[in-house]
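These notes concern the structure reproduced below.
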Amino acid sequence: MISISMKNAKKSFGEKEVLKDVTFETYEGEIFGLLGPSGSGKTTIINILTKQLTVDDGESYVSVNSSEIGLMLEHDGLYSRLSCLDNLIVFEDIYGISRTQTLETLDRVGLTDAKKTIVKQLSHGMRQRLVIARAVLHNPKVLFLDEPTSALDPLTARGIYKLIGDLRDRGSTIFLTTHNMEEATNLCDRVIMLHNGTIIEQGAPKDICERYNSFKTTMDLESVFVQLTGGTAQ
Amino acid sequence: MRNTKAVFKKQFKDTLKNPAQLIQFIIFPLIAFVMSALIVTDFEGVPDDIAEIIAASMPTINMVTMQATVFVGMGLITVIPGIISEDMEKKSLRFLMMAGVKPVSYLLGVSGVLFFVSFFTSIAFSFISEFSGLDFWIFTGAMMSGVAASIILGGMFGILAGNQQAASGLVLPIALILGFGPMIAQFNDTVANILHVSYTQQLNVIADYLTLGGGDTPLWQSFAIMWANVAVLGVLFALIYRKKGLKR
């Protein structure tokens, strides 16, 4: 069943055309990766799908309502004077979930010991984990993650991958953007590659790598991307 | 209702942990208390005729009246735009809205906290003035009517501003007029006539009536003017909200 889709979506900011005829579909229970360098239009797609922006032309669709969506965006939106737990309690109250579930979620992201720590005293990695905890607190049916592991140490990133995998196993659809091709290769069921607002390739990471004969010791989506774009970021 | 309660709880905790906001609710009663204590009203040892001359020449400004007016017109009015614009700027509001919180629930939750905390500030002013019985309720009624007007006015600036710097810039001139205008009006009839329709001037009139006695304006008229202010500001707020909404 289709969970998220875009059909011939176009978006411009002034003269700059950010999305040019973007079409894709994601299905329930899959981890879908949106790959591309900075400025390729990834965040614009998330902003459209979460209804913070509208398309100039074309269609966008998300199968669930906003309260069934989990979000991790560019700006963390945390309350910096409140503790980690208090930040989650705001959403615990909104979603009507139990304190036990909130504490379990904190535990899943490894922040139990820091539950009373004020957010402005957290390291970047810990903030990132708290944002993920907030995003998954209510076991959302669709989870949007914008660069979920950027600036995280490898160990913490692995913990996040596990969390994302667990959510997928429970039937959630995960839509993530990343410029980390290795992350996409290991994590995503399917990916699309975005370059200058255009989809240049899509499919399962393994299939794409096979298509372009791009295996070193492991699958290498990065080489595929460089081949397709001729090595230009913009 | 659940969402309003969630925002209320969040805002209450945040206000208690934000010294810049919290101080607005504490500093004005504190100044009133200190300044009231500093004014000599005890003329013991001074001959009666001289004491009478001194008392007659002392200004008839009541410190509670002055500080209560500045709190409602100036202190409080800067708090709510600060909260709204901070939530917009840091994108916290976006996450609340995405979680299903309606703008109205958000505004009610935030305003509710300010109304609630202001009630305690009002009690502190009453305590300093030693108001009791009917006087206490009249003063509290006047204060909370003024608080309601300031919250609505501040909310308008919060919606219009979008970021904390712009909010301060927009609010300050109005806050100065509303906060200090009634004080100037005591020395200038023209200013008093102009400010007669403002809620802070009427708060000043009511507080003076209770502390100093008398006054030209009947109490009911002062309350009517204050509530008319609340109604007019409410309509203006609704218009601005409909036009601009809450920027995420």
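Residue numbers (the working numbering), protein chains in the order written: chain A, 212 to 445; chain B, 365 to 612. Glycine residues also receive a C-beta, built at the ideal position from the N, C-alpha and C atoms.
A distance below 6 Å between beta-carbons, with the five flanking residues on each side excluded, links B/ALA513 to the following residues of its chain, in chain order: TYR563, ASN593, VAL594 and LEU597. Across the set A/ARG381, A/GLU394 and A/SER278, the C-alpha of A/SER278 shows the shortest separation from the C-alpha of A/TYR306. Of all alpha-carbon atoms in B/LYS369, B/PHE503, B/SER475 and B/GLY497, the one lying nearest the alpha-carbon of B/LEU574 is that of B/PHE503. Shown here, A/LYS327 sits in coil according to DSSP, grouped into three states, outside any helix or strand. Interface with chain A (7 Å Cβ-Cβ cutoff): B/LYS381 is included. In terms of Cα proximity to B/ALA506, the closest of B/THR429, B/LYS608 and B/GLY577 is B/THR429. A/GLU303 and B/LEU471 have their C-alpha atoms some 19 Å from each other.
A straight-line Cα-Cα distance of about 18 Å links B/GLY473 and A/LEU289.
The straight-line gap separating the alpha-carbon atoms of B/THR379 and A/ASP287 is approximately 20 Å. Following the DSSP letters along the chain, one finds A/ARG319 in no beta strand (DSSP E) but inside the alpha helix (DSSP H) bounded by residues 310-319. At least one beta carbon of chain A lies nearer than 7 Å to the beta carbon of B/LYS377. For B/MET590, the enclosing alpha helix (DSSP H) covers residues 583-608.
Contact check for B/ALA525 against B/LEU517 fails: the beta carbons are separated by 7 Å or more.
Think of a sphere of 8 Å around the beta carbon of A/TYR272: no beta carbon from chain B falls inside it, the nearest being about 17 Å out. Residues of chain B whose Cβ lies closer than 8 Å to the Cβ of A/LEU293 are, in chain order, LYS374, LYS377, ASP378 and LYS381.
The residue among B/ILE387, B/ASP451 and B/VAL511 with its C-alpha nearest the C-alpha of B/PHE480 is B/VAL511.
Under the three-pair Cβ rule at 8 Å, the segment 263-275 of chain A does not count as touching the segment 322-331 of chain A. Of the candidates B/ARG458, B/ILE492 and B/LEU478, B/ILE492 places its Cα closest to the Cα of B/ALA401. Under the DSSP assignment, B/SER493 falls in the alpha helix (DSSP H) whose first and last residues are 467-493.
Nearest C-alpha to A/GLY225 among A/GLY240, A/ASP267 and A/THR396: A/ASP267.
Chain A has no Cβ within less than 7 Å of the Cβ of B/MET365. In the DSSP secondary-structure assignment, A/ASP268 is bridged to A/LYS221. For B/PHE389, no chain A residue has a C-beta closer than 9 Å to its own C-beta; the minimum C-beta separation is roughly 16 Å. Taking a Cβ-Cβ cut-off of 8 Å, the neighbours of A/ASP297 in chain B comprise LYS374 and LYS377, given in sequence order.
A direct Cα-Cα distance of roughly 55 Å separates A/THR255 from B/ILE570. Under the 7 Å criterion on CB atoms, A/TYR372 is classed as non-interfacial with respect to chain B. Secondary structure in the segment 381-428 of chain A: the alpha helix (DSSP H) runs of 4 residues or longer, each lying completely within the stretch, are 392-398 and 416-422 in chain order. No Cβ-Cβ contact shorter than 7 Å links B/MET438 with B/MET399.
Bounds of the beta strand (DSSP E) holding A/THR234 are 227-238. Chain B places no beta carbon closer than 7 Å to that of A/PHE224, leaving this residue out of the contacts.
The beta carbon of A/TYR238 sits closer than 8 Å to those of MET212, ILE213, SER214 and THR384, all from its chain and outside the five residues before and after it, given in chain order. Take the alpha-carbon of A/VAL347 and the one of B/ILE487: they are about 43 Å apart.
Straight across, the Cα-Cα distance linking A/LYS327 with A/LEU296 is about 6 Å. Put simply, the backbone Cα of B/SER449 is about 5 Å away from that of B/ASN527.
Cβ contact annotation for A/GLU285 (same chain, cutoff 8 Å, sequence separation greater than five): THR254, ASP357 and GLU358, in chain order.
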